[in-house]
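In my numbering, the protein residues as written are 18 to 616. Step one of this worksheet: look at the structure below.
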Amino acid sequence: MVDNFTTTDGGAPAPSGERSLTLGPNGPILLQDTYLIEQLAAFNRERVPERQPHAKGAGAFGRFEVTNDVSAYTKAAFLQPGASTEVFARFSSGNSGERGSADTVRDNRGFSVKFYTTEGNFDLVGSNVPVFAIRDPIKFPNMIRAGGRRADNDCHDHNMVWDFWTRSPETAHLVTLVMGDRGIPKTLRHMNGYGLHAFSWVNLGGEISWVKYHFISDQGVQCLTQAEGDRLAGTDPDRCMRDLHASIARGEYPSWTLRVQIMPFEDAKTYRFNPFDVTKVWPHADYPLIEVGRMTLDRNVTDHHTEVEQAAFGPHNTVPGTGLSPDRLLLGRSFAYADAHRVRIGVNHHQIPVNAPKVPVRSYSKDGRMRVQNVSDPVYTPNTVGGPHADAARAAEVGWHADGEMMRAAYTLHPDDDDFGQARTLVREVMDDQQRARLVSNIVATCPMASKNPSYPASSHTGATSTPSSANKSNKASAPTRVVEARRDRLPACAEQTQNRTIRAVFVRFCVCSHGSQAGQIAVEVVHRGVPFGLPTASRSWVGVVLRPPRMSTATAMPAATPIRLSMARSARNVNGSAGAASWVMSMISGVKNQTASP
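Spelled out as structure tokens, the structure:
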């Protein structure tokens, strides 16, 4: 029979779990109660700093098995035919998620996989959507802060995130996906995973290819509506974590099929848009999906803290046959993630069992806090006493040519580079009418919460001014409406040729109703040659390719069916809060392309 007695952290029998050591029954606690001190000191240090971001997560172990031959593209051992590799996967809350946040908040989710290969650990650190919000890592800290909490009251504020999004038009594609149907996965099992970036593969012949990773859920993709997500956030905030653990416990093992897109090395130089722009996807028609293998999760963790909270993933963890790319966000993440783990869980976090490779480690890194496996002599290189040495050929680092002057600049534009094109295609050609309506409903739902905060007024330095609502003038019973006008000198020409006639808008006005029966509705008004054209206020009326005014002035001498098409790609950066949400949507669905991609 195994003893089941409590011990101290040193392994000695514990004196009591219910009574402190005191001087008499009513006397003071004594300092020599070392067990009490041990318990309190350990409790004070139980928590490590939470991740920044993706703080809340769930994980499980499993295996990845190769089902298709891709050896023509990569020499990575774990991707060769018949290979089977142990994996650990972690799924996490989004950019704004905290450890206590609900699992059904609308946001992109983290999707990370650690492959314990025979050549070292390979980490794929991705998301449940195929694109990211920004393309330059210098914007990353501010992007996360915008989705976080205010400095004054420590509360979330939709104005902050919309303020950032509307001033960063490269976010359009991600925001369209997150605000659409896939913004709230039903469970962690019912979402896809994507590597986001273009990575590199190299084969035995030294040929380099660019690759994108797609983990397609074998359970199918299922999502919740905003109403369902809101309800579950209050009744079962840990729903997704609980579901993953329970499904594995009852033998319903979730699985994902890994497929890749492969681009020949030379294609990247001349492709119609920058293939290393993480805000864009590669069209499947140009680079079809190729099956690689299947990941099955079949073993739950036994301790969340040591196996999930202390799990550390980083894009810098590559193995021979795999590598990074010129994607500047990927290169920034390769440093930031590794450094974050050093700060959060220690310089020797790679020795924690969940992070430790399954192959011998012969490194010259030594000492530091919590190191349990230290190096032996010699502790330096080069040496003449038999110490390990680097083998460049075996490492097979992937490189590419680059030259130019040192500067801070956006990518060189390819012919089809713009910020709104793929988001617009998603809305106009992929979504149906009901999906478009839900997209608008989800966006508008954030507007009343954003517009109530007076700390983010439309400011003069952006070229926007607040004015009374014309709708309120005509309807005294309606509630106050926030109005933002974009000045003419800040608005690009918005034009469409119709019967050899060009319509140019002097300004566009967005009215976001905050209260009453019209709460959340957005009124759009175009003023042309001094004549205002009121557009429908119902959200479904203005989500489409063109906007058709309900009436036209005779001063324009045009038929009532004449479409007016708006492009707010630049002016969307000049408005705040909920009005920014409105103008951002207009940018996304407009037919006029933003010719200047943001940095």
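A virtual CB, placed ideally from N, CA and C, is assigned to each residue, including glycine. What you are looking at is a predicted structure, and each value in this text was computed from that prediction instead of being measured.
The C-alpha of residue 425 lies about 29 Å from the C-alpha of residue 300. In the DSSP assignment, the residues bridged to residue 140 are 131. Cβ-Cβ distances below 6 Å link residue 272 to 235, 311, 313 in the same chain, with the five nearest sequence neighbours on each side left out; the list follows chain order. Shown here, residue 231 sits in a strand according to DSSP, grouped into three states. Check the Cα spacing between residue 332 and each of 325, 315, 344: the tightest is with 344. Unbroken alpha helix (DSSP H) stretches of 4 residues or longer found wholly inside the segment 197-255: 243-252, given in chain order. Excluding five sequence positions before and after residue 414, the CB atoms of its chain that fall closer than 8 Å to its own CB belong to 340, given in chain order. Of the candidates 131, 32, 51, the residue whose Cα lies closest to the Cα of residue 81 is 131. If you ignore the 5 residues before and after residue 324, its C-beta comes within less than 6 Å of the C-beta of 318, 371, all in its own chain and listed in chain order. In the displayed model, residue 314 falls within a strand according to three-state DSSP. The distance from the Cβ of residue 120 to that of residue 240 is about 13 Å, inconsistent with a contact at the 8 Å cut-off. With a beta-carbon spacing of about 6 Å, residue 316 and residue 77 fall inside the 8 Å limit used to define contacts. In this structure, the alpha-carbon of residue 200 lies about 43 Å from that of residue 409. When the beta-carbon positions are compared, residue 40 and residue 50 stay at least 8 Å from each other.
Its chain contains no residue whose beta carbon lies nearer than 8 Å to that of residue 20 once the 5 sequence neighbours on both sides are disregarded. Taking 8 Å as the cut-off, the Cβ atoms of residue 336 and residue 137 count as close.
Beta-carbon to beta-carbon, residue 383 and residue 133 are separated by about 24 Å, too far to satisfy the 8 Å threshold. Inter-residue distance for residue 148 and residue 83 is about 25 Å (C-alpha atoms, whole angstroms). Short of 8 Å from the beta carbon of residue 368, and not among the five residues preceding or following it, lie these beta carbons of its own chain, in chain order: 387, 388, 389, 390. Secondary structure of residue 47 (DSSP, three-state): coil. Inter-residue distance for residue 377 and residue 346 is about 31 Å (C-alpha atoms, whole angstroms). DSSP places residue 280 in the strand class (E or B) of the three-state scheme. Collapsing the DSSP output to three states places residue 75 in a strand. Between residue 218 and residue 90 a beta carbon distance of about 5 Å is seen, short of the 8 Å cut, so the two are scored as contacting. Around the beta-carbon of residue 298, 16 or more other beta-carbon atoms lie within 10 Å, marking it buried. Ranked by Cα distance from residue 186, the options 296, 330, 448 are led by 296. Our two residues, residue 276 and residue 145, have alpha carbons roughly 14 Å apart in a direct line. Excluding its 5 nearest sequence neighbours in each direction, residue 122 has C-beta neighbours in its own chain below 8 Å: 110, 111, 113, 114, 201, 246, 250, listed in chain order.
Only exposed fits residue 57, as fewer than 16 other CB atoms lie within 10 angstroms of its CB. A check of alpha carbon separations from residue 309 across 274, 429, 321 identifies 274 as the nearest.
A check of alpha carbon separations from residue 338 across 404, 24, 221 identifies 221 as the nearest. Sorting 135, 66, 117, 73 by C-alpha distance to the C-alpha of residue 97 places 135 at the top. Here residue 108 is bridged, per DSSP, to 75, 128. DSSP links residue 24 through a beta bridge to 30. For residue 157, the enclosing alpha helix (DSSP H) begins and ends at 157-163. With a cutoff of 8 Å on beta-carbon distance, residue 173 and residue 166 are scored as near each other.
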